[in-house]
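Here is the structure we will look at.
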Amino acid sequence: MKVRLLSIGRDRSGLYEPAVQEYASRLAHYTRFELIELPEAGGKKGKAGDAKSTEAEAILARRKPQDLLVALDERGKLLDSVEFSRYVGRAQDGAKDLLLIIGGDEGLDERVRQAADLTLSLSKMTLPHRLARVVLVEQLYRAFTILKGEPYHK
Numbered sequence: 001m002k003v004r005l006l007s008i009g010r011d012r013s014g015l016y017e018p019a020v021q022e023y024a025s026r027l028a029h030y031t032r033f034e035l036i037e038l039p040e041a042g043g044k045k046g047k048a049g050d051a052k053s054t055e056a057e058a059i060l061a062r063r064k065p066q067d068l069l070v071a072l073d074e075r076g077k078l079l080d081s082v083e084f085s086r087y088v089g090r091a092q093d094g095a096k097d098l099l100l101i102i103g104g105d106e107g108l109d110e111r112v113r114q115a116a117d118l119t120l121s122l123s124k125m126t127l128p129h130r131l132a133r134v135v136l137v138e139q140l141y142r143a144f145t146i147l148k149g150e151p152y153h154k
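The sequence shown runs 1 to 154 under the numbering used here.
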């Protein structure tokens, strides 16, 4: 199984990247993990929605036939850690890869949400995209420890 996290934009603050890298290194014990950062589309000159549309094309072009696409969106389904680990386990048992998507500042285009096998919300609260990335990678690590029946190490 391969897990790819596709995220729009970079962490320019430097606050979150060390945590992402820490959990990415822990994930290497369980699965092949790849973080893909796509550039933010548009700019100040573009019309509202143009960036989302351009980003959607770039996102959907990265999907492979064996991928289960999981789109993060505030309107998505709330899962606890055990439920999320079961989703990861079903993907693993079905020889599927996971392609997890975190959109840009404008969110995800409707085409991405409709193409998703699961639309997932991490919280009812609004999280900065870079913090959502840390939370998601940590939850992936937690999911694999749950699946293996291992204690969670902080």
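Cβ coordinates follow ideal geometry from the N, Cα and C atoms, glycine included. Values in this document were obtained by computation on a predicted structure and should not be read as measured data.
Nearest to residue i by alpha carbon, out of the options?
{"i": "A19", "options": "G149, A132 and S123", "result": "A132"}
{"i": "K2", "options": "S123, G89, S81 and Y152", "result": "G89"}
{"i": "F84", "options": "A58, S13 and T145", "result": "T145"}
{"i": "R111", "options": "R142, L60, Q139 and L140", "result": "L60"}
{"i": "R113", "options": "L68, E34 and E138", "result": "L68"}
{"i": "L38", "options": "E150, P65 and A58", "result": "A58"}
Comparing the CB of residue i with every heavy atom of the ligand MG, is any distance shorter than 7 Å?
{"i": "Q92", "result": "In terms of ligand content, the structure shown is empty, and the ligand MG therefore cannot be addressed."}
Measuring only the C-alpha atoms, how far is residue i from residue j?
{"i": "L136", "j": "Y87", "result": "14 Å"}
{"i": "G9", "j": "E40", "result": "5 Å"}
{"i": "H29", "j": "L100", "result": "19 Å"}
{"i": "A56", "j": "L108", "result": "7 Å"}
{"i": "T126", "j": "K52", "result": "18 Å"}
{"i": "T54", "j": "D80", "result": "32 Å"}
{"i": "S7", "j": "D105", "result": "11 Å"}
Exposed or buried, which one is residue i when buried takes at least 16 other CB atoms within 10 Å?
{"i": "D97", "result": "buried"}
{"i": "R12", "result": "exposed"}
Given a cut-off of 8 Å on the beta-carbon distance, is the pair residue i and residue j in contact?
{"i": "I171", "j": "R4", "result": "Shown here, the chain extends from 1 to 154; a query on residue 171 therefore has no answer."}
{"i": "Y141", "j": "Y23", "result": "yes"}
Report yes or no: do three or more beta-carbon pairs, one from the region 68 to 76 and one from the region 112 to 125, lie closer than 8 Å?
yes
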